[in-house]
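Numbering of the sequence shown is given in the working numbering, commencing with residue -15 and proceeding in unit increments. Think of the CB as a built atom: it goes at the ideal place given N, C-alpha and C, for glycine as much as any other residue. Step one of this worksheet: look at the structure below.
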Amino acid sequence: MTSSTNKLQEVYNQLGFLSALPVLNETQLREAKRAFSELEEEFGEEYTQYSLHNVHLQYPWVRDLTQHPQIIQVVKAILGPDVILLDSRFICKYPTLKPDAQENEGGRNDELPYVAWHQDMRYWGIAGGPVLSVWLALDDSLQENGALQLIPGSHCAGMLPHRQATRPGNMLSVNQEIPEELLQTDEAVFCPLLAGQMSIHDGLLVHASDANTSQRRRCGLVIRYVPTCAHPTQDPDHPRKFAATMLACGSDRFNHFSDKTT
-15 MTSSTNKLQE
-5 VYNQLGFLSA
5 LPVLNETQLR
15 EAKRAFSELE
25 EEFGEEYTQY
35 SLHNVHLQYP
45 WVRDLTQHPQ
55 IIQVVKAILG
65 PDVILLDSRF
75 ICKYPTLKPD
85 AQENEGGRND
95 ELPYVAWHQD
105 MRYWGIAGGP
115 VLSVWLALDD
125 SLQENGALQL
135 IPGSHCAGML
145 PHRQATRPGN
155 MLSVNQEIPE
165 ELLQTDEAVF
175 CPLLAGQMSI
185 HDGLLVHASD
195 ANTSQRRRCG
205 LVIRYVPTCA
215 HPTQDPDHPR
225 KFAATMLACG
235 SDRFNHFSDK
245 TT
């Protein structure tokens, strides 16, 4: 284990995230954006906003992104040599305000699409190992177009209670949120990324994102990874299937995800 790997682990374990890590070079980024534009043309922006789920099974270029050497190198440094790709999804926040709609300012922003404070592990039904989430930016992800916000160290508090969100516009499909009175939101930090960079965060880290009030799209690919020792929880009231799992690197001696793609 190298000193740089040790440092990555140390910072990640303390903060629960790492940010602005380089992944795509100019050629790779240009090709990924071109390919995503074709999906926009085929399906329309309403669909590509959130419904391109696990398309690494359909499109080789997306699968190649989930196995990009720069991503896998960091994932292995955190999770170890044997890793399963659990899930992937494009999340695309399009501009929601017209250029001449400045009167909206201070009035109707509470109705624009946003992501409430939450923890990924609340929804994933995984035990026996951590979940690591990658956000790979296809566009610059900045404060004005709804960049990720994180509360450093919040992963150390374990699972927090979630409730139904009271503010309209929550992009989470189950419309849940962590009540702000349980959080130290004054400690939250933005996680800005340039296109081609990635951030990673722990499945228990509390995070959110505001609405895109700019005139610029914010598109990224979210990829979830788990060590092979992790396994689905058994919950008959909320059965979960992981039909898109595949071995990302190493070997799998546990076979907890028996349907995974090889």
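- Distances from the alpha-carbon of Gln54 to those of Gln181, Gly113, Asn38 and Val190 put Gln181 closest.
- Shown here, Val7 sits in coil according to DSSP, grouped into three states, outside any helix or strand.
- By a beta-carbon distance limit of 8 Å, Ile162 contacts Trp101. Their separation comes to about 5 Å.
- If only uninterrupted beta strand (DSSP E) runs of at least 3 residues are considered, those enclosed by the segment 160 to 203 are 181 to 186 and 191 to 193.
- Pairing Cys175 with Ser235, the inter-Cα distance amounts to about 33 Å.
- For Val115, there is no enclosing beta strand (DSSP E), as DSSP gives it neither H nor E.
- In the same chain as Met155, and ignoring 5 residues on each side of it, the C-beta atoms closer than 6 Å to its own belong to Pro97 and Val99, in chain order.
- Exposed is the label assigned to Met143, since fewer than 16 other Cβ atoms lie within 10 Å of its Cβ.
- Taking a contact as a CB-CB distance under 8 Å, the pair Val67 and Ala232 counts as one, their CB atoms being some 4 Å apart.
- Annotated as proximal: His240 and Gly112, with beta-carbon spacing under 9 Å.
- Non-local beta-carbon contacts of Arg224 in its own chain, meaning distances under 8 Å to residues more than five positions away in sequence, involve Trp108, Gly109, Pro216 and Thr217 in chain order.
- For Thr11 and Val173, the gap between their C-alpha atoms comes out near 31 Å.
- In this chain, the beta strand (DSSP E) harbouring Gln133 covers Leu132 to Leu134.
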